[in-house]
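Asks:
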Amino acid sequence: SAVISQKPSRDICQRGTSLTIQCQVDSQVTMMFWYRQQPGQSLTLIATANQGSEATYESGFVIDKFPISRPNLTFSTLTVSNMSPEDSSIYLCSVGLQANVLTFGAGSRLTVL
Amino acid sequence: QQQVKQSPQSLIVQKGGISIINCAYENTAFDYFPWYQQFPGKGPALLIAIRPDVSEKKEGRFTISFNKSAKQFSLHIMDSQPGDSATYFCAASNWGAQKLVFGQGTRLTINP
Chain A
42 SAVISQKPSR DICQRGTSLT IQCQVDSQVT MMFWYRQQPG QSLTLIATAN
92 QGSEATYESG FVIDKFPISR PNLTFSTLTV SNMSPEDSSI YLCSVGLQAN
142 VLTFGAGSRL TVL
Chain B
3 QQQVKQSPQS LIVQKGGISI INCAYENTAF DYFPWYQQFP GKGPALLIAI
53 RPDVSEKKEG RFTISFNKSA KQFSLHIMDS QPGDSATYFC AASNWGAQKL
103 VFGQGTRLTI NP
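So the protein lines, in turn, are chains A and B.
First residue of the first sequence: 42, per my numbering; consecutive thereafter.
First residue of the second sequence: 3, per my numbering; consecutive thereafter.
1. Where does M80 (chain B) land, buried or exposed, given buried means 16+ other C-beta within 10 angstroms?
2. According to the neighbour-count rule (16 or more other Cβ atoms, all chains shown, within 10 Å of its Cβ), is D67 (chain A) buried or exposed?
3. Taking the straight line between their C-alpha atoms, what separation do you get for S83 (chain A) and T111 (chain B)?
4. At a Cβ threshold of 8 Å, is L77 (chain B) touching chain A?
5. Name, in chain order, the residues that DSSP records as bridge partners for S110 (chain A).
6. What residues in its chain sit with their C-beta under 7 Å from that of A88 (chain A), if we drop five residues either side in the sequence?
7. Would you mind telling me which residues of chain B sit closer than 9 Å to G101 (chain A), beta carbon to beta carbon, in chain order?
8. Residues of the region 89 to 115 of chain A in Cβ contact with chain D at a cutoff of 8 Å, in chain order, please.
9. Does D81 (chain B) come out as helix, strand or coil in the three-state DSSP assignment?
10. Just checking: is the beta-carbon of K44 (chain B) within a distance shorter than 8 Å of some beta-carbon in chain A?
11. Check the Cβ of M124 (chain A) against every Cβ in chain B and list those closer than 8 Å, keeping chain order.
12. Report yes if the C-beta distance between F75 (chain B) and S82 (chain B) is below 8 Å; otherwise report no.
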């Protein structure tokens with residue numbers, strides 16, 4: 042299975058600012074996924090990031106709020122823009138090397154004051 | 003149609019007991035049902051999974067029971083141990099797809 046590194050592991054940010062989360066995978070993958078895990082809630086898919094094309098966003102998530110980059114087959118970034126306290130969550134990067142098996146990073150815990 | 007409902011939200015079990023977590027899905031097109039285990043500070047990791055051609059799958063102390071007609075599946079942890087204390091997520095998807103719909107999660111605590 043893949044090893045996924047996420048940075049930062051946690052951060053505290055001020056309302057109105059933006060934060061970029063990095064995801065590095067130790068093998069080349071076609072699709073990378075960004076999930077949000079709000080406190081006590083489920084894992085919600087934000088978007089799918091394909092190398093060489095624009096990310097595909099799920100209902101309720103927009104590119105202006107969560108711009109994603111995918112410059113190569115091992116790296117992706119998710120930016121949380123113009124943050125509000127409601128954006129306080131754990132953001133998780135994941136990849137699927139086998140059918141139906143997702144490997145997750147440890148997550149980036151974001152607190153917005 | 004895309005929801006997966008999981009219960010209970012939290013569960014406390016004595017060491018050696020049986021932990022049971024239940025999930026129900028709506029979309030009859032789903033044909034792959036995994037369970038993920040998440041320890042604090044870590045990402046979720048695949049624990050066990052089942053496809054609807056069987057009604058039960060067992061791996062060590064972990065068993066998935068699947069009821070296709072009721073659109074329900076459950077995770078049973080036999081001889082529960084303190085090391086099993088974690089958050090468990092059920093999920094559902096179409097086989098071959100990598101997009102999973104997750105349940106709300108169950109925080110399991112095993113008391114020594």
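Cβ coordinates follow ideal geometry from the N, Cα and C atoms, glycine included.
Here the structure is a predicted model, which is why all the values come from computation and not from measurement.
Replies: The structure says:
1. Exposed.
2. With fewer than 16 neighbouring CB atoms inside 10 Å of its own CB, D67 (chain A) falls in the exposed class.
3. 18 Å
4. no
5. A:T118
6. W75, A96, T97, Y98, E99, F102, F107 and I109
7. Chain B residues near G101 (chain A): none, gap ~12 Å exceeds 9 Å.
8. Among the protein chains in the structure shown, which are A and B, there is no chain D.
9. Of the three classes helix, strand and coil, the one that applies to D81 (chain B) here is coil, per DSSP.
10. yes
11. Those do not exist, as M124 (chain A) stays about 22 Å from chain B at its closest Cβ, beyond 8 Å.
12. no
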